[in-house]
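Okay, so here's the structure we're looking at.
Number of protein chains: 6
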Amino acid sequence: MAVVPILSDAEAGAEALAVFDDIRTKRQTDYVNNFWRALAADPALLRATWDRLQAVMGPGTLDPLVKEMIYVAVSVANGCSYCIHSHTAAARAKGMTEAQHGELLAVIAMAAQTNALATALQVPVDERFDVKGG
Amino acid sequence: MAVVPILSDAEAGAEALAVFDDIRTKRQTDYVNNFWRALAADPALLRATWDRLQAVMGPGTLDPLVKEMIYVAVSVANGCSYCIHSHTAAARAKGMTEAQHGELLAVIAMAAQTNALATALQVPVDERFDVKGG
Amino acid sequence: MAVVPILSDAEAGAEALAVFDDIRTKRQTDYVNNFWRALAADPALLRATWDRLQAVMGPGTLDPLVKEMIYVAVSVANGCSYCIHSHTAAARAKGMTEAQHGELLAVIAMAAQTNALATALQVPVDERFDVKGG
Amino acid sequence: MAVVPILSDAEAGAEALAVFDDIRTKRQTDYVNNFWRALAADPALLRATWDRLQAVMGPGTLDPLVKEMIYVAVSVANGCSYCIHSHTAAARAKGMTEAQHGELLAVIAMAAQTNALATALQVPVDERFDVKGG
Amino acid sequence: MAVVPILSDAEAGAEALAVFDDIRTKRQTDYVNNFWRALAADPALLRATWDRLQAVMGPGTLDPLVKEMIYVAVSVANGCSYCIHSHTAAARAKGMTEAQHGELLAVIAMAAQTNALATALQVPVDERFDVKGG
Amino acid sequence: MAVVPILSDAEAGAEALAVFDDIRTKRQTDYVNNFWRALAADPALLRATWDRLQAVMGPGTLDPLVKEMIYVAVSVANGCSYCIHSHTAAARAKGMTEAQHGELLAVIAMAAQTNALATALQVPVDERFDVKGG
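So the sequence lines, in the order shown, correspond to chains A, B, C, D, E and F.
Position 88 of the first sequence, counting from 1, maps to 88 under UniProt numbering, and the rest follow consecutively.
Position 40 of the second sequence, counting from 1, maps to 40 under UniProt numbering, and the rest follow consecutively.
Position 95 of the third sequence, counting from 1, maps to 95 under UniProt numbering, and the rest follow consecutively.
Position 2 of the fourth sequence, counting from 1, maps to 2 under UniProt numbering, and the rest follow consecutively.
Position 30 of the fifth sequence, counting from 1, maps to 30 under UniProt numbering, and the rest follow consecutively.
Position 118 of the sixth sequence, counting from 1, maps to 118 under UniProt numbering, and the rest follow consecutively.
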């Protein structure tokens, strides 16, 4: 199910197709996944999202695989089924091993657990964690 | 504010004190932060949480700093103020640079944004992201 | 899948049927959607929810379409798949254009992004935003 | 408390100051709020966020006040204290009346309530809400 | 901080004061807590919320203390600081012991942890959990 | 769909099988549900999760059914579809009546609603709810 059509190349407009082509070139694949096809009804939003994604996930001080694992972690906490699937696949494509996946899961579960405890107890932040006090 | 007392060493029971001592030894510091002092009213929960945290955050295939950044990412998505403060401080203590923090923030914000879009559009998961179909 | 049966008219009790009839009359349609049929096992909860929905979504100072778009925005942030589908459909029925839908999506994504950043940075609230200080 | 410093004009670098100046000009005020000052440690992220915000919240098919109310709704559902304060203030500055604020609150509360119910019951989406089926 | 004034009895209108009086009578206390005073700017919303709260939390098949603990659990998962404080206090007033509080916390943390894991793994629901298949 | 395989007994390793056997014995059933089979790729995480679950959900001061209902409440607020299905089924197996389920739903919906209102209004916590001030 979806609340918008998943546009095929034939159904997408010229601006959207230009983004699809850019995705194909940058990712070196013919496949354009559903997320972009669902966004294609609004070419400006599609373009802004794709451009920003490249800037954020591109070369920097963090390893590309690390960025994907952080992406998965946020997607899990936000409960985004689509994003969990697509970014877990992307992490695997970037070399995530089964052992690394297991550790990622363990950290996510641990954080969820202590997030819940700290929130349930409404623990006041220690002065030493305040940057302004540093 | 808090919904439980933040126990000092003098107020904590013997079982809780043993965990405090373990924290001091393992972390090579005299400081025991408020999260553990808030949990100290329930020594069994305190012990289980501390033991599990060590197992999860200890040596493995992921870099300790990477684990801390994943922890921060989950804590942000869950909106846990205490955890964001404590684990951002922990990431800094493990060497996170300002540039790395900036990239961490950018990935978290990007994920939050595309999580919202994929959810708003209810994008169906591509067959190729399904492990069972692989 | 569901954790309760989706009651047909034949399976629903008298109190639930009375709400179904009210829904049909007020909405000028024969169709009663699954949400109400799932609630029908608890007629008191069904009645209270339906009555409150009418009071909240009925005539007031905000345009009905604006209310539907706010409803969609909350449902996206809460990750409620059913509600995103039903209220996006309702917004369309109330005249939401494709351009308006695109802007709604863009605002939701922007808010998700800056929500994440403000939370990650734990930005202190400016005095001027505090009503008590005003 | 905060996990990064809130940079004054004197502490901000040239790139960040240029964004501060842009904010002052576009908003016709001398005041730059803490969110932007917290982002100033990463001028590229600051610039990208500010530029995107203007594009999203600028003129379009939705009324500026409607966009602010949608922003508030998402911020509430995401539990972002800072954003709730700043965007409620922005909505007031754009003319939101007390009655409109009351209706906004009522819709947010209603959506939260039915989001919880639909999720708790795991109500299957009606075929007629599926765009692909349309 | 707050985004609305916390109305004193002197500042509240007649309709709001009637609800305050009702709260005092039903709870057998002179104290009206900030939540109701913040809602008082919109007397209709105040009245609807108070009336519904009484209906939901009143006598039924679940013990009043159990209802309060469920309320705390939801408030923790939703990250509502105010609600965690007020409903933990209410649970204590209804007899929640320290041991019960500890178990409540442990269940909340366990659920948060397995929620994260099941979501991260996108575990398909077993047929036997589907009521329609029953 | 899933992001990991759901391991059958034949596919699971020795350590995972030992946990499956333990689940069968403790629950007095032959059936091992998908959650555990999805975790089986990481036997250490599987074991730690199962052991902790037993400790938390085992005998204590709270009734087993109450614990299940709290588990459902957290799972709903976290939007975990799998967990809502499995723990609603578990609550039914422990004797939850339809009337109790209805009250559970009503409390969850009420909490979601007032959580949203208290957050939207940013209501300051009353001094009397602060344990440190007590």
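From the three backbone atoms N, C-alpha and C, an ideal C-beta is built for every residue, glycine too.
Can you tell me which of the three DSSP states residue i falls into?
i	result
Met-110 of chain E	helix
Glu-15 of chain A	helix
Leu-105 of chain C	helix
Gln-122 of chain C	coil
Ile-23 of chain B	helix
residue 141 of chain B	Since the first residue shown for chain B is 1 and the last is 134, residue 141 of chain B is missing from the structure and cannot be characterised.
Val-131 of chain C	helix
Ala-116 of chain C	helix
Assuming contact is defined by CB atoms lying nearer than 8 Å, are residue i and residue j in contact in what I supplied?
i	j	result
Ala-111 of chain A	Val-74 of chain B	yes
Val-4 of chain B	Leu-121 of chain A	yes
Val-123 of chain F	Ala-38 of chain E	yes
Val-66 of chain F	Ile-84 of chain F	no
Arg-52 of chain A	Glu-15 of chain A	no
Glu-68 of chain B	Lys-26 of chain B	no
Ala-109 of chain F	Phe-35 of chain E	no
Asp-130 of chain F	Gly-102 of chain A	no
Thr-61 of chain A	Gln-113 of chain B	no
Asn-115 of chain A	Cys-80 of chain B	yes
Ala-10 of chain A	Phe-20 of chain A	no
Gly-30 of chain C	Trp-50 of chain C	First, the amino acid is wrong: residue 30 of chain C is Asp here, not Gly. Taking 8 Å as the Cβ cut-off, Asp-30 of chain C and Trp-50 of chain C do not qualify as a contacting pair.
Leu-7 of chain C	Ala-40 of chain C	yes
Leu-104 of chain B	Ile-70 of chain A	yes
Counting only beta-carbon separations shorter than 8 Å, does residue i have a partner in chain E?
i	result
Ile-23 of chain F	no
Val-125 of chain C	yes
Glu-68 of chain D	no
Gly-58 of chain F	no
Thr-61 of chain F	yes
Ala-91 of chain F	no
Examine chain F for any beta-carbon lying closer than 8 Å to the beta-carbon of residue i, and answer yes or no.
i	result
Pro-5 of chain B	yes
Ala-118 of chain B	no
Glu-103 of chain E	yes
Would you say residue i lies against chain D (beta-carbon separation less than 8 Å)?
i	result
Arg-52 of chain A	yes
Ala-2 of chain A	yes
Gly-95 of chain B	no
Ala-48 of chain A	yes
Ala-73 of chain B	no
Ser-81 of chain F	yes
Ala-106 of chain B	yes
For chain B, is any of its Cβ atoms less than 8 Å away from the one on residue i?
i	result
Ala-12 of chain F	no
Val-32 of chain F	no
Thr-88 of chain E	yes
Thr-114 of chain A	yes
Lys-26 of chain A	no
Leu-45 of chain D	yes
Any Cβ of chain A within less than 8 Å of the Cβ of residue i?
i	result
Asp-130 of chain D	yes
Gly-133 of chain C	Residue confidence is low: Gly-133 of chain C scores 40 on pLDDT, short of 50, so the model does not pin down where it sits. Its coordinate-derived value is still stated next. No, Gly-133 of chain C lies away from the interface with chain A (no Cβ there is under 8 Å from its Cβ).
Ala-109 of chain E	yes
How about residue i: is its C-beta nearer than 8 Å to some C-beta of chain C?
i	result
Asp-42 of chain A	yes
Leu-17 of chain D	no
Phe-20 of chain D	no
Gln-122 of chain B	yes
*Write down every uninterrupted run of the alpha helix (DSSP H) in the region 26-98 of chain A whose length is 4 residues or greater and which is fully enclosed by it, in chain order.*
34-39, 43-57, 64-77, 81-93
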